[in-house]
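Every position in the sequence shown, counted from 1, becomes a number in this note's numbering once 1296 is added. By construction, the Cβ of each residue, glycine as well, lies at the ideal position given by its N, Cα and C atoms.
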Amino acid sequence: AIWSPLPGKCSSHNVTELLNDPKCECPPGEPCDEPGGMCEDPNGSGACTWSAVPAGDISLEELTGEADYETFCKWGGVEYNEFTGRGWHTSFWNTNGLRPFYFQNRWRVNRLMWTFKNKYNEDHWDPNSFHCDGW
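This is how it looks when you write it as structure tokens:
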């Protein structure tokens, strides 16, 4: 599991513990051992430091350009081979060593932003517009 720097309830638990510990339910208005920081209107208290709203979603097929994954696999496509550092019939995940990982990952992030913007045809989503209220 990958844990986010924006903690949710019971952030010290692993996934199995999180799903099986009744203390992680945190009913509204009830005390909770580890409430996390997500809330509707952040106020800086330990249990209320961040909020998020859905912006949309992008499938891996949309992001990588693999329109039909079943056909991609049927024709011998491989997203990534750890020994060659390359895919077959796709180059999205290639790590050929010619460029530092930073640049390859930056390209992927830019591709994600471009794909999102084109899918939703909106200019309101600007990754540079995030702000911190000082909490």
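Quick one: what's got a C-beta closer than 7 Å to residue i's C-beta in the same chain, skipping five residues either side?
i: Asn1417; result: none
How many angstroms separate the CA atom of residue i from the CA atom of residue j?
i: Glu1362; j: Gly1332; result: 37 Å
i: Gly1372; j: Phe1388; result: 16 Å
i: Leu1356; j: Glu1375; result: 11 Å
i: Asp1329; j: Val1311; result: 17 Å
i: Tyr1365; j: Tyr1398; result: 27 Å
i: Pro1350; j: Asn1414; result: 17 Å
i: Glu1378; j: Thr1386; result: 14 Å
i: Met1408; j: Gly1352; result: Correcting the residue identity first, residue 1408 is Leu in this sequence and not Met. Near 12 Å, if we compare the C-alpha coordinates of Gly1352 and Leu1408.
i: Glu1358; j: Pro1303; result: 29 Å
i: Trp1403; j: Phe1412; result: 14 Å
Apply the 10 Å Cβ neighbour rule to residue i and answer buried if 16 or more other Cβ atoms are within range, or exposed otherwise.
i: Leu1315; result: exposed
i: Glu1313; result: exposed
i: Lys1305; result: buried
i: Thr1360; result: buried
i: Phe1368; result: buried
i: Gly1342; result: exposed
i: Gly1383; result: buried
Hey, is residue i's beta-carbon within less than 8 Å of any beta-carbon in chain B?
i: Asp1364; result: Looking at the structure shown, chain B is missing, and only one protein chain is on hand.
Can you name, in chain order, every residue of its own chain whose Cβ lies under 8 Å from the Cβ of residue i, other than the five neighbours on each side?
i: Gln1400; result: Asn1390, Thr1391
i: Asp1317; result: Cys1306, His1309
i: Ser1347; result: Met1334, Cys1335, Glu1336, Asp1337, Pro1338
So, at 6 Å on beta carbons, what are the nonlocal neighbours of residue i in its own chain, with the 5 sequence-adjacent residues on each side left out?
i: Cys1344; result: Cys1335, Pro1338
Sequence ranges, beta strand (DSSP E) only - wholly within the region 1360-1409, length at least 3: 1374-1377, 1382-1384
Residue ranges of each alpha helix (DSSP H) within the region 1306-1353, 4 or longer: 1311-1316
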